[in-house]
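Chains as they are written, first to last, in full-length UniProt numbering: chain A, 1 to 361; chain B, 1 to 361.
A short worksheet on the structure shown next.
Number of protein chains: 2
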Amino acid sequence: MSQVWNFSAGPAALPPPVLERAQRELLDWNGSGASVMEQSHRGKRFIAMAERVEADLRELLAIPADYAVLFLQGGATQHFAQIPMNLAGEGDSADYVVNGHWGAKAAGEAAPYVRVNVAASSQADNYLRLPPRESWQLDPRAAYVHYTPNETIHGVEYHDVPVVGDVPLVADMSSNILSEPLDVSRFGLIYAGAQKNIGPSGLVLMIVRRDLLERSSRPMARIFRYAEHAAAASMLNTPNTWGWYLAGLTFEWLKEQGGVAAMGERNRAKAEKLYAAIDGSGGYYRNPVDPAARSRMNVPFTLHDSALDADFLKESEAAGLMALKGHKALGGMRASLYNAVPLAAVDALVAFMGDFARRHG
Amino acid sequence: MSQVWNFSAGPAALPPPVLERAQRELLDWNGSGASVMEQSHRGKRFIAMAERVEADLRELLAIPADYAVLFLQGGATQHFAQIPMNLAGEGDSADYVVNGHWGAKAAGEAAPYVRVNVAASSQADNYLRLPPRESWQLDPRAAYVHYTPNETIHGVEYHDVPVVGDVPLVADMSSNILSEPLDVSRFGLIYAGAQKNIGPSGLVLMIVRRDLLERSSRPMARIFRYAEHAAAASMLNTPNTWGWYLAGLTFEWLKEQGGVAAMGERNRAKAEKLYAAIDGSGGYYRNPVDPAARSRMNVPFTLHDSALDADFLKESEAAGLMALKGHKALGGMRASLYNAVPLAAVDALVAFMGDFARRHG
Numbered sequence: 001m002s003q004v005w006n007f008s009a010g011p012a013a014l015p016p017p018v019l020e021r022a023q024r025e026l027l028d029w030n031g032s033g034a035s036v037m038e039q040s041h042r043g044k045r046f047i048a049m050a051e052r053v054e055a056d057l058r059e060l061l062a063i064p065a066d067y068a069v070l071f072l073q074g075g076a077t078q079h080f081a082q083i084p085m086n087l088a089g090e091g092d093s094a095d096y097v098v099n100g101h102w103g104a105k106a107a108g109e110a111a112p113y114v115r116v117n118v119a120a121s122s123q124a125d126n127y128l129r130l131p132p133r134e135s136w137q138l139d140p141r142a143a144y145v146h147y148t149p150n151e152t153i154h155g156v157e158y159h160d161v162p163v164v165g166d167v168p169l170v171a172d173m174s175s176n177i178l179s180e181p182l183d184v185s186r187f188g189l190i191y192a193g194a195q196k197n198i199g200p201s202g203l204v205l206m207i208v209r210r211d212l213l214e215r216s217s218r219p220m221a222r223i224f225r226y227a228e229h230a231a232a233a234s235m236l237n238t239p240n241t242w243g244w245y246l247a248g249l250t251f252e253w254l255k256e257q258g259g260v261a262a263m264g265e266r267n268r269a270k271a272e273k274l275y276a277a278i279d280g281s282g283g284y285y286r287n288p289v290d291p292a293a294r295s296r297m298n299v300p301f302t303l304h305d306s307a308l309d310a311d312f313l314k315e316s317e318a319a320g321l322m323a324l325k326g327h328k329a330l331g332g333m334r335a336s337l338y339n340a341v342p343l344a345a346v347d348a349l350v351a352f353m354g355d356f357a358r359r360h361g
Numbered sequence: 001m002s003q004v005w006n007f008s009a010g011p012a013a014l015p016p017p018v019l020e021r022a023q024r025e026l027l028d029w030n031g032s033g034a035s036v037m038e039q040s041h042r043g044k045r046f047i048a049m050a051e052r053v054e055a056d057l058r059e060l061l062a063i064p065a066d067y068a069v070l071f072l073q074g075g076a077t078q079h080f081a082q083i084p085m086n087l088a089g090e091g092d093s094a095d096y097v098v099n100g101h102w103g104a105k106a107a108g109e110a111a112p113y114v115r116v117n118v119a120a121s122s123q124a125d126n127y128l129r130l131p132p133r134e135s136w137q138l139d140p141r142a143a144y145v146h147y148t149p150n151e152t153i154h155g156v157e158y159h160d161v162p163v164v165g166d167v168p169l170v171a172d173m174s175s176n177i178l179s180e181p182l183d184v185s186r187f188g189l190i191y192a193g194a195q196k197n198i199g200p201s202g203l204v205l206m207i208v209r210r211d212l213l214e215r216s217s218r219p220m221a222r223i224f225r226y227a228e229h230a231a232a233a234s235m236l237n238t239p240n241t242w243g244w245y246l247a248g249l250t251f252e253w254l255k256e257q258g259g260v261a262a263m264g265e266r267n268r269a270k271a272e273k274l275y276a277a278i279d280g281s282g283g284y285y286r287n288p289v290d291p292a293a294r295s296r297m298n299v300p301f302t303l304h305d306s307a308l309d310a311d312f313l314k315e316s317e318a319a320g321l322m323a324l325k326g327h328k329a330l331g332g333m334r335a336s337l338y339n340a341v342p343l344a345a346v347d348a349l350v351a352f353m354g355d356f357a358r359r360h361g
């Protein structure tokens, strides 16, 4: 096949060396004579791998010892509900800063379990800018403050961690985890669906300060309690073993690439190149987001005439540029530039965009 | 590598042609130029595949049109809790027939959400027989009756579907789904973790009568509501796309093998051969289960002298017989004989057992 560059928002591109290794090992993993998918999660081989994967992640993000790392299921959406179940007592309130589709969804799914206080929202701006920190109406008695550091659909991203005092800060980092260095100690809980910067879908990574695990005494099944998952090293029940394995291959690849510092530089260079092409197109292409809030991970853009959208999609796909169709909330196109998307993919996209503009005037 | 036979209780052996195809297609699925793991679940290619997988399952089990098929996450354990959330109103009770470890766990996880009535239990028999149907104390007003048709740890299995009147029958078929023909219309809800007879872990298959989907009006997050998953064709949020794909390859393989009728015959022959070897060993090997309740899927057995267990495990592994260590509840050994384990694997195990008995007297 000819070269394909995958700009999918998720499930998204994985690093080619990760896929190639998964392919090589698929029938005979680790000398076992069987696939990694056929291994008991309670077996010595799998447990040794699982521990190594956690250690690699701890090294990549310099995760302090008082934080637990969990490998869970259900997608970030399930944890929109499970986080208040675990972090808030009955009658508690929690602050939600809503700066895009996913933040709004997180608040909605939390509502049956906690009094949701929308402390700030940029909905009136169609989520194309961030609510300024000084406008946030935080409640110092809130169980936690939830926000979405990068919004996949609207293409907005915080470039600093907001200061929220002593209330634990909870962040849905599904679309920007591991894309740059991170000071984990600033957060109470970080969670991320794996299918953008980590591995295949069906796995959720969580990093949580251990003292928060015992907060809720409300009745619930053990399977919903993060403290139980932590005590069982994420093997309270059978985990997504393939996802865990793939995440581990990605973490090894990240270490070989120079870690999150190197990825941060690459991701900045990729985004700058694409935004420069959009901004330098004389209005042919346009990104609607406040420049101060532009995402490095997800770049939505429109054509000056939406009647050209269908041609753009057809021709870009024929040129090996995959999954550029934008979300219906913004229309037009979206290029997602996660860790596994190399600068060469952005170069190819930028070249195609210039060529398309010349040909379609 | 030399031939390895995998008797793991789960995650368990997958059919070699399924693994080989997954390996071939891993870098370039369906002519897309990218892996199936890198496809958007909202893309045309993935949706077409997902629909075909459901159609194949409907054909294999002759699922009536008034049943929804769901592809979920969280393992069967999460659904121990989610089933009462969805099928019982506040204050309702549900009947649990407990005939092994997993049935007891299902009742425990349900307790925060429904009044659990243990209608029958074989705990006093250490779960080595089934509670006779005439002993079940069923409540005709119960929201549902829950049981576990095959218990993976204790190796007991129902060989008929119990008659329970008009109350919906709910079955955890994690370890015997698709192992023989099934009359779906006898059940209100069937669910199964994928990692035994379907595919990799991290996927749960559910077959549920549509009229049961709207039963519960209690407050809960949308993500926990089966009706929402059904309305969204299991794409309420990003599903486990790799698991769904692998399940589809398994279903295709099952159809090529002659479907569940052919598997039922094979599974009976495999189990009969192993039980015959155990029963014919003059007491060297022993299966502790009531012969009328013996499982075709999971065969626990002990050696006449447990001091030989370590040698048996070491030598069997060296002979390419993998994962025979029994669960600590029963000790000794356990051979799981799911669909993907061929008769040749049982032949190899029986030959090894005979040889071991001769050598170790």
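Where is the CB? At the ideal position from N, CA and C, for every residue including glycine.
Item                                                                                                                      : Value
Closer than 8 Å to chain B by CB, V114 of chain A                                                                         : no
Reference Y158 of chain B; option with closest CA among B:L313, B:M49, B:M173                                             : B:M173
T152 of chain A versus A:V350, A:M353, A:M263, A:K328, residue with shortest Cα-Cα distance                               : A:K328
8 Å Cβ shell around A111 of chain A - same chain, five flanking residues per side excluded                                : none
First and last residue of the uninterrupted beta strand (DSSP E) at L303 of chain A                                       : 298-303
With 16 other Cβ atoms within 10 Å as the buried cut-off, status of Q73 of chain A                                        : buried
Proximity test, Cβ basis, 8 Å: W253 of chain A and chain B                                                                : no
Cβ-based burial, K325 of chain A [other Cβ within 10 Å; buried from 16]                                                   : buried
Within 8 Å, strictly: CB atoms of Q195 of chain B and A12 of chain B                                                      : yes
The beta strand (DSSP E) enclosing M37 of chain A, as first and last residue numbers                                      : Segment: none, M37 of chain A is in no beta strand (DSSP E) and carries neither H nor E.
Beta-bridge partners of S121 of chain B, as assigned by DSSP                                                              : B:V98
Cβ pair V289 of chain B, R334 of chain B closer than 8 Å                                                                  : no
Segment contact, 8 Å Cβ cut-off, at least three pairs: the segment 300-320 of chain B with the segment 345-359 of chain B : yes
Three-state class that DSSP yields for H360 of chain A in the structure shown                                             : helix
Under 9 Å by beta carbon: chain A residues contacting residue 370 of chain B                                              : Residue 370 of chain B lies beyond the stretch modelled for chain B, which goes from 1 to 361, so this question has no answer here.
Listed by chain order, chain A residues near E109 of chain B by CB distance under 8 Å                                     : A221, R222, I223
Below-8 Å beta-carbon distance, P239 of chain A vs any chain B residue                                                    : yes
Rounded separation between V98 of chain B and R359 of chain B - CA only                                                   : 40 Å
First through last residue of the alpha helix (DSSP H) which encompasses D309 of chain B                                  : 309-318
Reduced DSSP secondary structure (H/G/I, E/B, other) of F352 of chain A                                                   : helix
Beta carbon proximity, A81 of chain B to chain A, threshold 8 Å                                                           : yes
Test: V4 of chain B CB closer than 8 Å to a CB of chain A                                                                 : yes
Range of the contiguous beta strand (DSSP E) that encloses G248 of chain A                                                : Looking at the DSSP string, G248 of chain A is not in any beta strand (DSSP E); the run it does join, the alpha helix (DSSP H), is 241-256.
Three-state class that DSSP yields for A48 of chain A in the structure shown                                              : helix
Check whether A323 of chain A and S40 of chain B have beta carbons under 8 Å apart                                        : yes
First and last residue of the uninterrupted alpha helix (DSSP H) at H229 of chain A                                       : 226-231
Same chain, Cβ closer than 8 Å to A269 of chain A, five either side skipped, listed in chain order                        : L343
Range of the contiguous beta strand (DSSP E) that encloses H146 of chain A                                                : 145-147
For R215 of chain B, the nearest candidate out of B:D355, B:R225, B:I63 (CA to CA)                                        : B:R225
Chain A within 8 Å of W242 of chain B, Cβ atoms only                                                                      : yes
V69 of chain A versus V208 of chain A - alpha carbon distance                                                             : 7 Å
CB contact flag (residue 408 of chain A, G283 of chain A, <8 Å)                                                           : Residue 408 of chain A is absent from the structure shown; chain A starts at 1 and stops at 361.
N176 of chain A and P132 of chain A closer than 8 Å at C-beta                                                             : no
Minimum Cβ-Cβ distance from G75 of chain A to chain B less than 8 Å                                                       : yes
Short CB-CB distance (under 8 Å) between M333 of chain A and chain B                                                      : no
Near-chain A residues of the segment 35-51 of chain B (beta-carbon distance less than 8 Å), N- to C-terminal order        : S35, M37, E38, Q39, S40, H41, G43
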